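Peer 1: Take this structure, written in structure tokens, and hold onto it; I'll ask about it next.
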Amino acid sequence: MRPKNLSFALDPAYGAGACTRQIRIVARKGLVAAHLSDNFHEMKCRISHDGTEVTAVAGETVRIPTSACPAAASMLAELVGTPLDTLVRELYRGHSPQSHCTHLFDLAVLAIRHASLPPHATDYEATVPDELDCPVTASVSRDGEVVQEWEVREGKIVSPERFRGNTLGKGFAAWAATAFEEADLEAATVLARTWLIAIGRRYLTEQSAGQPITENIEMIGRCFAYSAERAAFAVFTKGQRQDDPAALS
């Protein structure tokens, strides 16, 4: 579930832009490299495999919101041994995303799914406009073609009619798993995750650099960095915000 309030000062420019997330996945024989970049994160993940299961996982955090985030890469080791034909929904059921960096875990799940496909490259771009008093059009494209486009208001889909009332926060995985096949479920999840982080654009996050992340009470327990034992010693980072979509790739 997306937090309702964060501790940062409000950004008076909110309403004039959008949250953007770009993901590139390149699959070759025995290896998948995935790269994620959005307004608040940049991360990389590499999956090695033998054609049947994952043999090695490496993660890297390039641009992250807290000082605790980089250590989350070590958690990906628990994915070694995962069969490549494991369904995405089973990967989430079989692990605890909250014990990981959720964004890095999502990237690893993407890489594992693509490891079972022939060599290829796939690009996603998701956009969620700043939401004020009216629904906004959130969309995700795959290789330049729009895959999903939803009118969204306060975390729920307004249209298309067949998805009306479905949530993008808590409960998303349950309805999406029955509404989409694997490839479209993947795209829909990318879009839902972009909506999840879009709340950050409401705030002047950079002004809190160096301050303890425990100021964000609603975030405690939600991910690796915000686990109680790590949040107590972590601070917000500087230079993680990037609002120019052209600079994300």
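Read in order, the letters of the sequence shown are residues 11 to 259 in this note's numbering.
All C-beta atoms, glycine included, are put in the ideal place defined by N, C-alpha and C.
This one's a predicted model, so the numbers in the text were calculated from it and none came from an experiment.
1. Can you list, in chain order, the residues of its chain whose CB lies under 6 Å from that of VAL42, leaving out five sequence neighbours each side?
2. In the segment 104-172, which residue ranges form an unbroken alpha helix (DSSP H) of at least 4 residues, counting only runs that do not cross its ends?
3. Is it the case that the Cβ atoms of VAL146 and PRO139 are separated by a distance below 7 Å?
4. What number of angstroms, rounded off, separates the C-alpha of PHE115 from the C-alpha of VAL157?
5. Taking only three categories from DSSP, how would you classify ASP48?
6. If ARG12 sits next to GLY165, beta carbons under 8 Å apart, how far is it from one beta carbon to the other, in whole angstroms?
7. Would you give the residue range spanned by the alpha helix (DSSP H) that GLU192 belongs to?
8. If you run the structure through DSSP and keep just helix, strand and coil, what is ALA28?
9. Using three-state DSSP, classify VAL98 as helix, strand or coil.
10. What are the residues that DSSP puts in a beta bridge with ARG34?
11. Compute the Euclidean distance between the alpha carbons of ARG174 and VAL162, then round it to the nearest angstrom.
12. Residues in the same chain with beta-carbon distance under 6 Å from PHE234, minus the five sequence neighbours each way, listed in chain order, please.
13. Which value, in whole angstroms, describes the spacing of the CA atoms of ALA68 and THR92?
14. Would you report the Cα separation of GLY61 and ALA184, rounded to the nearest angstrom?
15. Over what stretch of residues does the beta strand (DSSP E) that includes ARG73 continue unbroken?
16. Going by CA-CA distance only, name the one from HIS59, ILE223 and SER218 that's closest to GLY40.
17. Sort out for me which residues DSSP pairs PRO93 with in a bridge.
18. Under a CB-based cut-off of 7 Å, is LYS39 close to chain B?
19. Is CYS55 near THR204, with beta carbons less than 7 Å apart?
Peer 2: From the atom records:
1. Same-chain partners within the cutoff: ILE57, ALA121, HIS124 and ALA125.
2. DSSP runs (the alpha helix (DSSP H)) wholly in the segment 104-172: 112-125.
3. Yes, the Cβ-Cβ distance between VAL146 and PRO139 is below 7 Å.
4. In this model, PHE115 and VAL157 are separated by some 22 Å (Cα to Cα).
5. The answer is strand: DSSP assigns ASP48 an E or B state.
6. Taking 8 Å as the upper bound for CB-CB distance, ARG12 and GLY165 are in contact here, some 7 Å apart.
7. Note, GLU192: alpha helix (DSSP H), 192-208.
8. DSSP places ALA28 in the strand class (E or B) of the three-state scheme.
9. Residue state, collapsed to three classes: helix.
10. In DSSP, ARG34 forms a bridge with HIS45 and ASP133.
11. The straight-line gap from Cα to Cα measures roughly 9 Å.
12. Cβ within range, chain order: ALA82, HIS110 and CYS111.
13. If I take the Cα positions, the gap works out to 14 Å.
14. Roughly 29 Å separates the two Cα atoms.
15. Annotation: the continuous beta strand (DSSP E) that includes ARG73 extends over 64-73.
16. The option with the nearest alpha carbon to GLY40 is HIS59.
17. According to DSSP, which records beta bridges pairwise, PRO93 is partnered with GLU63.
18. Within the model displayed, chain B is absent; a lone protein chain is all it includes.
19. No, Cβ-Cβ distance for CYS55 and THR204 is not below 7 Å.
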